[in-house]
Each structure stands twice: as structure tokens, then as C-alpha cells.
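Step one of this worksheet: look at the structure below.
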Amino acid sequence: MEDSPGKTRKRVAMPMSFDRVLYRIMTGSWGKFVFHPGPCSLEGASIPNPVGIYVHIPFCRSICPFCPYNKVLYEREIAKSYSHCLNSETKQIISDLNGARISSIYFGGGTPLTLPGAIESLVGLMRPHLVPGADIAVEVHPDDIVPSTIDCMRETGVEMVSLGVESLDNEVLNRLGRSHDPATAVRALETLIDTGGFSVNVDLITGIPGQSTESVLSDMTQIFKYGVDQVSAYPLMDFPFTSIRSPLSLREQLRLLTAIDSAGSRAGYERSSVWTWTKPSARKYTSITREYYIGIGVGAASHLGRRFWLNTFSVESYINAIGAGTSPVALSTPLSAMESALYWLFWRCYEGTFDLQAPEALSIPALPHLVNALERLGLARRISSVVRLTDLGLFLYHILERYYTRRYIGRLWQCCRTSAFPPGIDM
Ligand code: SF4
721 MEDSPGKTRK RVAMPMSFDR VLYRIMTGSW GKFVFHPGPC SLEGASIPNP
771 VGIYVHIPFC RSICPFCPYN KVLYEREIAK SYSHCLNSET KQIISDLNGA
821 RISSIYFGGG TPLTLPGAIE SLVGLMRPHL VPGADIAVEV HPDDIVPSTI
871 DCMRETGVEM VSLGVESLDN EVLNRLGRSH DPATAVRALE TLIDTGGFSV
921 NVDLITGIPG QSTESVLSDM TQIFKYGVDQ VSAYPLMDFP FTSIRSPLSL
971 REQLRLLTAI DSAGSRAGYE RSSVWTWTKP SARKYTSITR EYYIGIGVGA
1021 ASHLGRRFWL NTFSVESYIN AIGAGTSPVA LSTPLSAMES ALYWLFWRCY
1071 EGTFDLQAPE ALSIPALPHL VNALERLGLA RRISSVVRLT DLGLFLYHIL
1121 ERYYTRRYIG RLWQCCRTSA FPPGIDM
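Basically this note's numbering = 1-based index in the sequence shown + 720.
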């Protein structure tokens, strides 16, 4: 974070908001995040070893009005050009890795299985650089679970899938504008479980208008019965550019989260983050809590500790940039050592636990005082150096995460949706 020479950057008046005060307490300074226009490359960067890879495939067969992610309707010719560009960007990144190994590959979207051939080809390029046992994971849409995609994933070595069920209530699915019905979701789930060899996460969405707590709990009970490895019950997030808003008050959100957690515990699952419940000893599906990752594709983000950057959100501009051999990066921001440590802490709190002896924790002088305060308020418990958020602490994080999503991610994504290469933004 720094002041930049950007002449045309959009300056946004900063009210004395809660997050600025928190930033001041944690860092001792009044800072703000400044995103500069690209380019930004791996050349000369210190690359953590190993590092995760995220690949964004933005194509969908229909667009759901609640969805904030960077996606476009599938068009065959554009998808073909995009696949070629993914290959080129991946080759460039492999050559810039400088010997660093790849710890995981996550394919997200959009709907990654609109391009099964690209998944196969990109994994093929990265395979020689994978650490043993690396996660190869794909987000899948229920409509896409058919014999040919199952074969493709098995042959490619995909072992982890996240199935976007969202709800098993037809009315709720209609309200979300999803193209699948409950029967298709159940069929996809049964196929994945019966095929075997996949660690399965199921995504659900909660807090949808008209969705009752009973409906959410009924979904969870049905899904737990299949013995899936993980269930993620994400709250419907409010973004400036999505058309469905969650009607739940804070009290209703707390009641719902408590009821979901009880259902998870009754089924023998452990809470592995604020919104996920994982079977003991199962592999955790988590594309967002990787410490260091490089993003490939349109709108993909990268974080290497002291740098964070985002590729352009425009498919056309991405294809043009890669085709011309120029950088697809739209915005980037340097991070101070303290900001990098806070980024680490934010995601460890998402997972509900962190170690005060971790190097990042040791570099935040205010952290022991914060933990003392959280303990006194019943929001965290400490055993030796390990801190665990209590249920109430996780609910506080739930509120914080929703706030930060709206305040930072919503504004950043809005800026990148408006312009393929924005002039920069102060947050
Ligand atoms: S929810 Fe999934 S299928 Fe729907 S628009 Fe978003 S990425 Fe596409």
C-alpha cells in the first residue's frame, strides 16, 4: 500500500469507517489500499515455493442473477480462442516459476466444465511441476456431470470437485435463476459418489429471499446422507451489481448459522471455516484460503505475499492482450509486510484458527492484545499458542467478511467490470 503516481486514478472520499479504525489499531498507521493500473509480471518476483495455481474459466450456459463472479455466456468460437490464450499464459507462468513447484490447481468460474479439453491440456502442462499429492480441483455444475466429463476428470487426475447444488428446493432454485432442478443436482451428486475417487464438496447458498431455515436444514440433512466430504453453506452476498439481496437481519443470520452448525455436528462433520463443514480426515476443498497463488485467465487474482494483482475482467481484452504478447493484468497493489501478515490473518480467521507463533502472527505487534480482548469477550479461546474462534467469534467474522466483501471486493470488481484496464482505484 502506498501513494502512487497514477494521474487519472479515481479518488474516492474515505469516511472514517470501521475498517480504517481497525487498520489503524492493527498496523499503527492510517493507510488505504491503492491499486495501480497494470502491467505486473512474475519476472523478478520472489515466488513462494510451492505456490498454488487458480485458473478461471468464465463461460456459463446461462447467467444466474445472484452471481457476482466474472462470467459470460458460452460462445464456441470465443471459448476456443480463450483456451489457446490460457495455454499461452500458463506456459509463460511455468517459465517464470523459476523452479518453484505447484501445490494445487483449482479451476473455477464460470463453469469450468464448459472447457473440459482446456482443463486436460492445462493440467498436462503443469503436471511436471506439481508437488506429490497436489490438489487438482474443479468447480462443477450439476448439468455438466455426464459420462464424458467424468471420464475427462478421471483421466486428467482431478480428485476434488465442488458441486454447485445451491439448494434442493425447486422454488429457491427458480428464485436464484439456476438452470438445474433438484433432481438433476441429486443425480449429479449420486453419480460423483458412485463413480468414486472424487473428494466431493457441495455448495449451498443461504439467506435467499423466501428460503426458510427448515429448507436449508433439509438440504443439509439430505446431502450429509450421501457422505460427501464437505458442505459449504455460503450466505447470499450483496454486491452492487447483483439483483437479489438477502432479507435476513443479523439476529436471523445468527440463528441460521447456529442451526446449520448444529446440523453439521449431528452429522459428524467438523466446522472447518466460518461457512464449511468437513468430514474428519477428509481433504478440505478450499480455493480461497491458499496463502500464495497465481491466477490464470480473465479476472483471476494472484497473491505472492508482497504483491496482489488482478487480470482484466474482459474476455475480449484478455484474448487481445495474450494474443499480442502483452500483460493481461488490469490492476495491482504492493503490500507492506504488515499488510501481507494481515491478509494471512484474515484468511486464518476465516478458517477459525491461527497460531500466535506463526511468523506472520509474530509480525503483528497488536495481535496478542487483540486476542486477549477477544478472549475476554468470549469470541476466542487460546490453548498454548493456538487461538480458536468460538461460535460467537465466527459469527463476528461472518459479519466482518460480509462487510469487507461489500466494501472492498464489491467495489474492486465493480471497477474492473466497468473498464477492462481501469486507471486505478483507491480503497
Ligand atoms: S452461479 Fe455459476 S452457473 Fe450461474 S452465472 Fe454464476 S458461475 Fe455461472
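Virtual Cβ for every residue (Gly too), placed ideally from N, Cα, C. Note that the structure is predicted; figures quoted are calculated from it, not measured.
Buried versus exposed, by CB contacts within 10 Å (16 or more), residue i
i: A854; result: buried
i: V866; result: exposed
i: P1079; result: exposed
i: T1138; result: exposed
i: V851; result: exposed
i: Q1077; result: exposed
i: F961; result: exposed
i: E809; result: buried
i: S823; result: buried
i: I1103; result: exposed
i: P735; result: Because P735 carries a pLDDT of 49, less than 50, the predicted location of this residue cannot be relied on, and no value is offered for it.
i: N1031; result: buried
i: P725; result: At P725, the pLDDT of 35 sits below 50, so the modelled position is not reliable; the number obtained from the coordinates is stated separately. With fewer than 16 other Cβ atoms within 10 Å, it is exposed.
i: Y743; result: buried
i: L1097; result: exposed
i: P848; result: exposed
i: S985; result: exposed
i: R796; result: exposed
i: L1132; result: buried
i: H900; result: buried
Own chain, CB closer than 7 Å to residue i, minus 5 neighbours either side, in chain order
i: S1060; result: G1025 and R1026
i: I783; result: K791 and L793
i: P836; result: T869 and C872
i: K727; result: Confidence at K727 is low in this model, with a pLDDT of 37, below 50, so its placement is unreliable and no value can be given for it.
i: I1039; result: S801, Y802 and C805
i: I767; result: L817, N818, A820 and L1024
Nearest neighbour of residue i, chosen from the options [CA to CA]
i: L1109; options: S993, P778 and E795; result: S993
i: A765; options: N818, L1082, I825 and R847; result: N818
i: S1001; options: F1115, D864, S919 and S823; result: S919
i: L714; options: A1093, W1067, L893 and S1105; result: The displayed coordinates of the chain run from 721 to 1147. Any statement about residue 714 would go beyond what the structure contains.
i: Y826; options: I1103, H1118 and I1016; result: I1016
i: L974; options: G988, G984 and G927; result: G927
i: S868; options: H849, P848, S887 and T915; result: T915
i: F944; options: T911, E934 and K999; result: K999
i: E886; options: T904, G877 and F959; result: T904
i: V906; options: A1086, Q942, R874 and S966; result: Q942
i: A953; options: T933, R874 and P967; result: T933
i: N769; options: T1006, I1014, I798 and L1132; result: I1014
i: R874; options: E891, S899 and V843; result: V843
i: L762; options: I798, A799, N807 and K811; result: K811
Whether residue i touches residue j by CB criterion (8 Å)
i: V922; j: W997; result: no
i: F1074; j: V1107; result: yes
i: M880; j: I913; result: no
i: P785; j: I925; result: no
i: L976; j: V936; result: yes
i: Y1063; j: Y1117; result: no
Close Cβ partners of residue i (< 6 Å) along its chain, the five nearest in sequence each way excluded
i: H861; result: T831 and G884
i: V732; result: Model confidence at V732 stands at a pLDDT of 41, short of 50, so the residue's coordinates are unreliable; what they give is reported in the following sentence. Cβ neighbours of V732 beyond the five flanking positions: D1146.
i: Y946; result: L909 and I913
i: C1135; result: P1142 and I1145
i: D723; result: Note that D723 has pLDDT 35, beneath the 50 cutoff, so the model's placement of it is unreliable and no number is given.
i: L968; result: G927
i: T834; result: F779 and Y794
i: L1087; result: A1081
Distance between beta carbons of residue j and residue i, contact taken as under 8 Å
i: G1144; j: F755; result: 6 Å
i: D1111; j: T978; result: 7 Å
i: S1052; j: F1028; result: 7 Å
i: A838; j: V771; result: 21 Å between Cβ atoms; not a contact.
i: P788; j: M957; result: 6 Å
i: D739; j: R1127; result: 6 Å
i: D889; j: D939; result: 7 Å
i: Y774; j: A1020; result: 6 Å
i: L896; j: I1119; result: L896 to I1119, Cβ: 23 Å. No contact.
i: S1037; j: A1140; result: 4 Å
i: P929; j: R1122; result: About 16 Å separates the two Cβ atoms, so there is no contact after all.
i: F1148; j: V1018; result: No answer is possible for residue 1148: the residues shown for the chain start at 721 and end at 1147.
Spatial neighbours of residue i in its chain, beta-carbon cut-off 8 Å, leaving aside the 5 residues before and after
i: M721; result: Note that M721 scores a pLDDT of 40, beneath 50, so its modelled location is shaky; the value from the coordinates is reported in the next line. Taken in chain order, the residues that qualify are G751, K752, F753, V754, T1053, P1054, L1055, S1056 and E1059.
i: G829; result: H776, I777, P778, F779, C780, Y789, K791 and E859
i: K730; result: At K730 the pLDDT is 44, less than 50, meaning the model places this residue with poor confidence; the figure from the coordinates comes in the next sentence. Contacts found: C1135, P1142, P1143, G1144, I1145 and D1146.
i: I1100; result: It should be noted that the sequence gives Ala, not Ile, for residue 1100. Once the five neighbours on either side are set aside, the close Cβ partners of A1100 are V1091, L1094, V1107, R1108, L1109, T1110 and G1113.
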